[in-house]
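Engineer: Chain order of the listed sequences is R and F.
Under my numbering, the residue at position 76 of the first sequence is numbered 77, and the numbers go up by one with no gaps.
Under my numbering, the residue at position 66 of the second sequence is numbered 736, and the numbers go up by one with no gaps.
Yeah, the Cβ is synthetic: ideal placement off N, Cα and C, and Gly gets one too.
Computed from a prediction, not measured in an experiment: that's the story for all the values here.
Here's a structure for you.
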Amino acid sequence: MIAPVFEQLSVGDVVLTRELHFSRDTLVRYAGASGDFNTIHYRDDVAQSVGLPGVIAHGMLTMGAAASPVAEWISSAGVVSDYQVRFTRMVPVDGADGADVTVTATVGAIDTDARTARIDLKVVFAEQTVLGKSQLVVTFA
Amino acid sequence: MVNVEIQGKVYPPTAPYLVGREKVREFARAVLSEAPLHHDPEAARAAGYPDVVAPPTFAIVVQDSTLQQLLADEEAAVDFSRVVHGDQRFTYTRPIVAGDELTGVMTVTSVKQLGGNSMVTSSTEISDASGAHVVTAISTLVVRAEEAAA
Numbered sequence: 002m003i004a005p006v007f008e009q010l011s012v013g014d015v016v017l018t019r020e021l022h023f024s025r026d027t028l029v030r031y032a033g034a035s036g037d038f039n040t041i042h043y044r045d046d047v048a049q050s051v052g053l054p055g056v057i058a059h060g061m062l063t064m065g066a067a068a069s070p071v072a073e074w075i076s077s078a079g080v081v082s083d084y085q086v087r088f089t090r091m092v093p094v095d096g097a098d099g100a101d102v103t104v105t106a107t108v109g110a111i112d113t114d115a116r117t118a119r120i121d122l123k124v125v126f127a128e129q130t131v132l133g134k135s136q137l138v139v140t141f142a
Numbered sequence: 671m672v673n674v675e676i677q678g679k680v681y682p683p684t685a686p687y688l689v690g691r692e693k694v695r696e697f698a699r700a701v702l703s704e705a706p707l708h709h710d711p712e713a714a715r716a717a718g719y720p721d722v723v724a725p726p727t728f729a730i731v732v733q734d735s736t737l738q739q740l741l742a743d744e745e746a747a748v749d750f751s752r753v754v755h756g757d758q759r760f761t762y763t764r765p766i767v768a769g770d771e772l773t774g775v776m777t778v779t780s781v782k783q784l785g786g787n788s789m790v791t792s793s794t795e796i797s798d799a800s801g802a803h804v805v806t807a808i809s810t811l812v813v814r815a816e817e818a819a820a
């Protein structure tokens, strides 16, 4: 992937699209790394007892993984100075098939004086957006 | 229902959290990131950082210890089994790097009641060992209404 050059970015540019695959292993790994051991992220029976279809991904896993392609793209050309999301839909993760999530990152705004670019993320599972107002601000060196 | 009286409440600083290089790598793998800055100290140093740089959502690990204070607070009366994450934001002064010793101080900025649900917004200021600001982590937790008795 070619690192971005601030001066070459334009509002509306689609800078990347990436398919992410979450399996139950991904959820267990995220639980361990983050310390979030809520049982709805690894036990279907508990998830169903609180009205969920089954195990769902941690919202913070979806938020974190959605930013990773952008972090890989910016490399050392800049840093993420702000990142916000709304959790609008859950991502159920099937025991056998997992879940496929698509991330599309678009340049939403540019501030030439501050040398920042707002990157808007569209995060889709099963043809529905799962994160709302998902925006990263990258501050360029 | 969450007690609206906790709006404005400031909790005590959390115990310092020492960011380890392997923890940063483990977290980066967990969020499916292969960015060299998260994994390779040489790449991080070449970019001007003392050690590996944490992914942007890593601050949740430190913020979580402040959210645990909220959940454990009897005055707040937050029923954890009914909590859903509504929104999340991180605003950084600088990235978190391995070797940082981070402390969080949480303020409950808003408590709203809507149709039996409660929405609790908290803001955690995370600072390094010198006291300098690193990141502010803001969460809204939605505490769902209890179902009517069957």
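Looking at C-alpha atoms only, which residue of F:G774, F:P711 and F:K782 is the closest neighbour of V694 of chain F?
Structural biologist: Mapped onto the second sequence, residue 694 of chain F falls at position 24. Of the candidates F:G774, F:P711 and F:K782, the one whose C-alpha sits nearest the C-alpha of V694 of chain F is F:P711.
Engineer: Identify, in the order they occur along the chain, each residue of the same chain with its Cβ nearer than 6 Å to the Cβ of G13 of chain R, setting aside the five sequence neighbours on each side.
Structural biologist: Working through the first sequence from its first residue, we reach residue 13 of chain R at position 12. Closer than 6 Å at the Cβ level, and outside the excluded window around G13 of chain R, lies no residue.
Engineer: Could you check whether R691 of chain F and D721 of chain F sit closer than 8 Å to each other, using their CB atoms as the reference points?
Structural biologist: Here residue 721 of chain F refers to the residue found at position 51 when the second sequence is read from its first residue. Here residue 691 of chain F refers to the residue found at position 21 when the second sequence is read from its first residue. In contact: D721 of chain F and R691 of chain F (Cβ atoms closer than 8 Å).
Engineer: 8 Å is my cut-off, CB to CB: does S11 of chain R come that close to chain F?
Structural biologist: Locating residue 11 of chain R in the first sequence gives position 10, where the first residue counts as 1. No, because no Cβ of chain F sits closer than 8 Å to the Cβ of S11 of chain R.
Engineer: Taking buried to mean at least 16 other C-beta atoms within 10 Å of its own C-beta, is E128 of chain R buried or exposed?
Structural biologist: Within the first sequence, the letter at position 127 stands for residue 128 of chain R. The residue is exposed, with fewer than 16 neighbouring Cβ atoms inside 10 Å.
Engineer: By how many angstroms is the C-alpha of S800 of chain F removed from the C-alpha of G99 of chain R?
Structural biologist: Within the first sequence, numbered from 1, the residue matching residue 99 of chain R stands at position 98. Within the second sequence, numbered from 1, the residue matching residue 800 of chain F stands at position 130. Distance between the alpha carbons of G99 of chain R and S800 of chain F: 44 Å.
Engineer: Quick check on this structure: which residue in R:G133, R:N39 and R:V125 has the alpha carbon closest to the alpha carbon of D101 of chain R?
Structural biologist: As a working mapping, residue 101 of chain R is identified with position 100 in the first sequence. Out of R:G133, R:N39 and R:V125, R:V125 has the C-alpha closest to the C-alpha of D101 of chain R.
Engineer: Taking the alpha-carbon of S77 of chain R as reference, which of F:I730, F:A747, F:Q739 and F:P725 has the nearest alpha-carbon?
Structural biologist: The residue given as residue 77 of chain R occupies position 76 in the first sequence. Of the listed residues, the one whose Cα sits closest to S77 of chain R is F:P725.
Engineer: Could you run through the segment 740 to 757 of chain F and flag, in chain order, every residue whose CB is less than 8 Å away from some CB of chain R?
Structural biologist: Against chain R - using a Cβ distance shorter than 8 Å - the residues of the segment 740 to 757 of chain F are S751, V754, H755, G756 and D757.
Engineer: Entirely within the segment 701 to 728 of chain F and at least 4 residues each: give me those alpha helix (DSSP H) ranges in chain order.
Structural biologist: Segments of the alpha helix (DSSP H) lying fully in the segment 701 to 728 of chain F: 706 to 709 and 711 to 716.
Engineer: Within 10 angstroms of its Cβ, does L69 of chain R collect 16 or more other Cβ (buried), or is it exposed?
Structural biologist: Within the first sequence, numbered from 1, the residue matching residue 69 of chain R stands at position 68. This sequence places Ser at residue 69 of chain R; Leu is not what is there. Flag for S69 of chain R reads buried.
Engineer: Count the CB pairs spanning the segment 32 to 47 of chain R and the segment 55 to 69 of chain R that are closer than 8 Å, and state whether there are at least three.
Structural biologist: They touch, by the three-pair rule.
Engineer: Using DSSP's beta-bridge definition, name the partner residues of F126 of chain R.
Structural biologist: For the purposes of this step, residue 126 of chain R is identified with residue 125 of the first sequence, where counting begins at 1. DSSP, once it has assigned bridges, lists R:V102 and R:Q129 as partnering F126 of chain R.
Engineer: So what's A58 of chain R in DSSP terms, helix, strand or just coil?
Structural biologist: Residue numbering aside, residue 58 of chain R sits at position 57 when the first sequence is read from its first letter. Residue state, collapsed to three classes: coil.
Engineer: Give me the Cα-Cα distance between D139 of chain R and D798 of chain F, rounded to the nearest whole angstrom.
Structural biologist: What you label residue 139 of chain R is simply residue 138 of the first sequence in a count that begins at 1. What you label residue 798 of chain F is simply residue 128 of the second sequence in a count that begins at 1. Correcting the residue identity first, residue 139 of chain R is Val in this sequence and not Asp. Computed Cα separation, rounded: 22 Å.
Engineer: What do you reckon, are the CB atoms on T806 of chain F and T761 of chain F nearer than 8 Å?
Structural biologist: Counting from one through the second sequence, the residue named residue 806 of chain F turns up at place 136. Counting from one through the second sequence, the residue named residue 761 of chain F turns up at place 91. Yes, they are a contact pair.
Engineer: Roughly how many angstroms separate the alpha carbons of T105 of chain R and F697 of chain F, rounded to a whole number?
Structural biologist: Counting from 1 along the first sequence, the entry for residue 105 of chain R is found at position 104. Counting from 1 along the second sequence, the entry for residue 697 of chain F is found at position 27. Rounded to the nearest angstrom, the two C-alpha atoms are 22 Å apart.
Engineer: In the DSSP assignment, find the unbroken beta strand (DSSP E) run with S797 of chain F in it and report its ends.
Structural biologist: In the second sequence, counting from the first residue as 1, residue 797 of chain F sits at position 127. Here the beta strand (DSSP E) through S797 of chain F covers N787 to S797.
Engineer: If you run the structure through DSSP and keep just helix, strand and coil, what is R30 of chain R?
Structural biologist: As a working note, residue 30 of chain R is residue 29 in the first sequence. Helix, per DSSP.
Engineer: Using a C-beta cutoff of 8 Å, does E692 of chain F count as contacting chain R?
Structural biologist: Stepping through the second sequence from its first residue, residue 692 of chain F is reached at position 22. Answer no: the Cβ-Cβ gap between E692 of chain F and chain R never drops below 8 Å.
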